[in-house]
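Peer 1: One structure coming up, written as structure tokens, with questions to follow.
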Amino acid sequence: MAVPIVTEANRCLQCKKPMCQQGCPVHTPIPHLIALFKENRLMDAGKELFSNNPMSVVCSMVCDHEAQCAGHCVLGKKGQPVQFYEIEKFVSDAYLDRMKPEIMPPNGKTVAVIGSGPAGMTVAFMLAQNGYSVTIFEEKNMIGGMLQYGIPDFRLPKSILDRYKRRLLEYGVHIRPHVVMGGDLMIDNLFRDGYAAVFVGTGVWRPSTLGIRGETLANVHFGISYLARPSSYTIGETVAVIGMGNVAMDVARTAFRHGARRVMMFQRGSKSPASEHERQFAELDGAEFFFGKSIQRITPEGPVFKNSVLNENGRPIGVEGEDELVRADTVIIAINQGPKDKLVNTTHGLEATERGLLKVDENNMTTREGVFAAGDVVHGSLTVVHAVEDAKNAAQGMMRYMEEHG
Ligand SMILES: Cc1cc2nc3c(=O)[nH]c(=O)nc-3n(C[C@H](O)[C@H](O)[C@H](O)COP(=O)(O)OP(=O)(O)OC[C@H]3O[C@@H](n4cnc5c(N)ncnc54)[C@H](O)[C@@H]3O)c2cc1C
Ligand code: SF4
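Residue numbers (the working numbering): 1036 to 1441.
Here it is, written out as structure tokens:
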């Protein structure tokens, strides 16, 4: 492994205006880090990566590199871009094990973080480092959010999250698993108990439904629920996946690893919204893609489609032709996710958009004073690196707020 990444580092042109850095949503200082790496300053590079993006090792594995860092490298215009993410993975993976937390003296303020996904973990690391006492409230029994319960193990080993948990504990972060905020406890309870500010990073965990007949049948499941624990589902050998986004690709690939022999994927329009990289992997695993298929209903024998009528951009504008039954043992719906509404319904002053996403200002403060939010619960389903970037802004906003409010 060391030889290719050294070769990659040597190929970097050290551009004065690094496009790769601009393409990275957290603006990772790529040429500088490559220079540190070439000087064998592994821990210095790891420290810079972690302080800019505590989820660096995760991002190195799951970012859409072709659209971000690598996709912007000038060498990619005529040949192969520098694959910095391989260097980032090597450095950040080593750093995650060897790092020693550098924590400012306690400042006496306590902060609650609701949700332990990438957004929650980023805020927890940043505030703990700055001397705040942080408690994470997590609905599930394990930390990580969609990194734990969404992205499959074959793309992101779950052991990484055990390592993150150890680092959080070393930073003095307290973790309360199995607590549903807006259910077991309320945000008002947190202020009653003296928390100076609250961060909400609860993501989007409500599967979008199709609104058609058959969705309640026994042979129908939702993609994000299936991915959380695929072994608890009996899917049979033939699976129909409705949707072709990144989540749908993970569903298809997971199904192949849990007994499916044939996985068919259906999309209303003419294009897959998934990243090309993820689509190719699903195809290599054997997934079959069917475009221009509008689902009409689901039966115990499988889904029923009509052909879509597409406009010039390949978008569906109607349906035509006869009903077509596609025989399948299981139908998995993976079209999109939205936020749950527990916190909005139970927190005075907390407002959401029509889609149920939390409204925030430029400091990521919600409409309830002292309550901040970032990540998918604000923007809808995005990516890990976007959740980190947003959470960094929220952490800065929270620290300014707490300084101003004693
Ligand atoms: C199948 C799948 C594959 C993906 N693949 C990629 C990928 O390859 N690359 C990429 O960059 N991104 C990917 N994403 C998107 C990425 O995982 C998310 O954008 C990111 O995890 C969002 O982070 P977050 O912290 O905002 O929310 P989440 O990761 O969703 O974390 C939210 C946390 O809050 C907890 N929570 C929710 N409600 C409550 C409550 N009321 N009380 C207490 N805790 C609560 C949840 O249990 C969860 O732990 C994928 C997503 C899915 C579903
Ligand atoms: S965080 Fe993601 S986009 Fe940025 S350099 Fe790392 S892998 Fe590339």
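Cβ atoms here follow ideal geometry from the backbone N, Cα and C, with glycine treated the same way.
Computed from a predicted structure; not experimentally measured.
Heavy atom of ligand 2 less than 8 Å from the Cβ of Gln1103, yes or no?
Peer 2: Yes; taking the cut-off as 8 Å, the Cβ of Gln1103 has a heavy atom of ligand 2 nearer than that.
Peer 1: Restricting to Cα atoms, I'd like to know which of Ile1222, Arg1241, Leu1071 is closest to Asp1376.
Peer 2: For the residues Ile1222, Arg1241, Leu1071, the minimum Cα distance to Asp1376 belongs to Arg1241.
Peer 1: Kindly indicate which residue of Val1276, Gln1331, Pro1187 has the alpha-carbon position closest to the one of Arg1248.
Peer 2: Arg1248 has its Cα closest to that of Gln1331, out of Val1276, Gln1331, Pro1187.
Peer 1: Rounded to whole angstroms, what is the Cα-Cα separation between Tyr1281 and Leu1392?
Peer 2: The question names Tyr, but residue 1281 is Asn in the sequence shown. Approximately 21 Å, taken between the alpha carbons.
Peer 1: Could you work out which residue in Val1406, Met1096, Pro1053, Thr1388 is closest to Lys1193 when comparing CA atoms only?
Peer 2: Looking at the Cα atoms, Met1096 is the closest of the given residues.
Peer 1: Short of 6 Å in beta carbon distance, which residues of its chain neighbour Ala1422, apart from the five on each side in sequence? Order them along the chain.
Peer 2: The residues are Pro1153, Ala1154, Gly1410.
Peer 1: Could you compute how far the alpha carbon of Asp1099 sits from the alpha carbon of Arg1227?
Peer 2: When rounded, the distance between both Cα atoms is 42 Å.
Peer 1: Quick check on this structure: which residue in Asn1398, Phe1189, Ala1295 has the alpha carbon closest to the alpha carbon of Gly1271?
Peer 2: The shortest Cα separation from Gly1271 among Asn1398, Phe1189, Ala1295 belongs to Ala1295.
Peer 1: Taking just the CA atoms, how far does Val1344 sit from Phe1324?
Peer 2: If you take the alpha carbons of Phe1324 and Val1344, they lie about 18 Å apart.
Peer 1: Buried or exposed: Ser1127, going by 16 or more other Cβ atoms within 10 Å of its Cβ?
Peer 2: Per the 10 Å Cβ criterion, buried.
Peer 1: Using C-beta distances below 6 Å, list every residue in its chain close to His1440, excluding the 5 sequence neighbours before and after it, in chain order.
Peer 2: Closer than 6 Å at Cβ, skipping near neighbours: no residue.
Peer 1: Going by alpha carbons, who is nearest to Met1158 out of Asp1223, Val1208, Gly1114?
Peer 2: Sequence check: residue 1158 is Val here, not Met. Checked all of Asp1223, Val1208, Gly1114; the closest Cα to Val1158 is Val1208.
Peer 1: Asn1399 and Ala1387: beta carbons closer than 9 Å?
Peer 2: Contact flag unset, no.
Peer 1: Could you please give me the residues that DSSP links to Lys1341 through a beta bridge?
Peer 2: Its beta-bridge partners are Ser1329.
Peer 1: In chain order, which continuous runs of the beta strand (DSSP E) of length 3 or greater are located wholly inside the stretch 1241-1291?
Peer 2: List check, beta strand (DSSP E) in window: 1255-1257, 1273-1277.
Peer 1: Is the CB-CB distance between Ala1309 and Ala1283 below 9 Å?
Peer 2: It is a contact, given that the beta carbons lie within the stated cut-off.
Peer 1: Report yes if the CB atom of Thr1402 is closer than 9 Å to the CB atom of Ile1222, and no otherwise.
Peer 2: No; because the gap between Cβ atoms is not below 9 Å, this pair is not in contact.
Peer 1: Between Pro1335 and Val1274, what straight-line distance do the alpha-carbon atoms span, to the nearest angstrom?
Peer 2: Each residue's alpha carbon lies about 12 Å from the other.
Peer 1: To which residues does DSSP link His1293 through a beta bridge?
Peer 2: DSSP output for His1293 lists no bridge partner at all.
Peer 1: Just mark Phe1183 as buried or exposed, buried being the case when its beta carbon has 16 or more other beta carbons within 10 Å.
Peer 2: What sits at residue 1183 in the sequence shown is Gln, not Phe. The residue is buried, with at least 16 neighbouring Cβ atoms inside 10 Å.
Peer 1: Give the secondary structure of Leu1417 by DSSP, where H, G and I count as helix, E and B as strand, and everything else as coil.
Peer 2: Leu1417: coil per DSSP, three-state reduction.
Peer 1: Strictly by DSSP, which residues pair up with Gln1211?
Peer 2: The amino acid at residue 1211 is misidentified as Gln; the sequence shows Arg. Bridge partners of Arg1211: Phe1172.
Peer 1: In this structure, what does DSSP give as the bridge partners for Leu1360?
Peer 2: Answer is Val1339.
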